[in-house]
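Numbering-wise (the numbering used here), the sequence shown opens with residue 65 and increments by one.
Report on one structure; see the data block that follows.
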Amino acid sequence: MEIKLPQWYRILGPRVTVLVSTVDKNGNSNAAPVSFISPLSAEPPLVMIALRPERHTLANIRETKDFVLNLPQEELINQVMICSKPFPQGVSEIKEAKLTEIKAKTVSSPRIAECLAWIECKFSAEHLAGDHQLIIGEILIAEIKDEFYKEFFLCTKAKLLLHLTGKDFAIPGKIVHPSE
Ligand SMILES: Cc1cc2nc3c(=O)[nH]c(=O)nc-3n(C[C@H](O)[C@H](O)[C@H](O)COP(=O)(O)O)c2cc1C
Numbered sequence: 065m066e067i068k069l070p071q072w073y074r075i076l077g078p079r080v081t082v083l084v085s086t087v088d089k090n091g092n093s094n095a096a097p098v099s100f101i102s103p104l105s106a107e108p109p110l111v112m113i114a115l116r117p118e119r120h121t122l123a124n125i126r127e128t129k130d131f132v133l134n135l136p137q138e139e140l141i142n143q144v145m146i147c148s149k150p151f152p153q154g155v156s157e158i159k160e161a162k163l164t165e166i167k168a169k170t171v172s173s174p175r176i177a178e179c180l181a182w183i184e185c186k187f188s189a190e191h192l193a194g195d196h197q198l199i200i201g202e203i204l205i206a207e208i209k210d211e212f213y214k215e216f217f218l219c220t221k222a223k224l225l226l227h228l229t230g231k232d233f234a235i236p237g238k239i240v241h242p243s244e
């Protein structure tokens with residue numbers, strides 16, 4: 065079947081979902097789920113997230129020049145959806161979702177304690193691409209809870225949330241390796 069073009073991206077997935085935590089210039093924290101995300105460069109370490117222009121997350125990144133990518137697992141699905149609600153600017157979705165804000169190691173944006181990994185980023189560049197603004201971040205530190213990493217990311221154990229569309233997610237079920 066042919067997929068209508070505005071929905072084309074639905075078959076380019078499922079996509080890793082992150083909670084992007086930020087802070088505004090008055091110190092108010094914010095978190096939003098984002099699944100338009102991609103690694104860009106290993107060295108220097110660069111990541112890209114795509115944000116609609118109206119997102120508070122985008123305004124905060126422009127104000128304070130950093131953000132944290134927090135990786136949520138299956139058990140946080142309801143909190144992720146709470147963070148996707150349109151709260152007014154200045155209201156912390158982290159608090160609304162009853163998640164725990166902890167200090168990041170290298171940036172002013174907070175980490176979310178309940179997530180399984182954290183990638184702290186310094187704003188590097190932005191570029192308009194259609195209906196989204198691409199934000200490129202330089203990664204300052206990436207950390208994961210020990211039990212979820214052994215040679216590679218144990219994503220099945222982590223029950224990582226992968227976004228399909230809307231309220232639909234997948235969870236990685238199997239890790240496979242080629243015979244050679
Ligand atoms: C799983 C999921 C993934 C999302 N991915 C994106 C995304 O990649 N880019 C985006 O701009 N919005 C995305 N959204 C919508 C925002 O999270 C949502 O509009 C949120 O309220 C924005 O919050 P903010 O205005 O505080 O930044 C996604 C929502 C969900 C539930």
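Backbone N, C-alpha and C define an ideal beta-carbon position, used for all residues, glycine too.
Proximity below 9 Å, CB of residue i to CB of residue j
| i | j | result |
| --- | --- | --- |
| P97 | L115 | no |
| L76 | E138 | no |
| K221 | E207 | no |
| L218 | C179 | no |
Distance cut-off 8 Å: residue i Cβ against heavy atoms of ligand 1
| i | result |
| --- | --- |
| F187 | no |
| V144 | yes |
| K129 | no |
| K159 | no |
| S105 | no |
| F100 | yes |
| E118 | yes |
| K149 | yes |
| T121 | yes |
| I183 | no |
| T259 | No information on residue 259 is available, as it lies outside the stretch 65 to 244 that the chain covers here. |
| N92 | no |
| I235 | no |
| K231 | yes |
| L115 | yes |
| P97 | yes |
| H191 | no |
Reference residue i; option with closest CA among the options
| i | options | result |
| --- | --- | --- |
| S173 | K89, C219 and E160 | K89 |
| K186 | P103, V111 and E138 | V111 |
| A106 | E215, L69, C179 and I205 | I205 |
Straight-line Cα distance separating residue j from residue i
| i | j | result |
| --- | --- | --- |
| P103 | I200 | 10 Å |
| K167 | W72 | 38 Å |
| K231 | M145 | 8 Å |
| E202 | I101 | 14 Å |
| N94 | A161 | 11 Å |
With 16 other Cβ atoms within 10 Å as the buried cut-off, status of residue i
| i | result |
| --- | --- |
| N142 | exposed |
| V240 | exposed |
| T170 | exposed |
| H191 | exposed |
| Q153 | exposed |
| D130 | buried |
| T164 | exposed |
| I67 | exposed |
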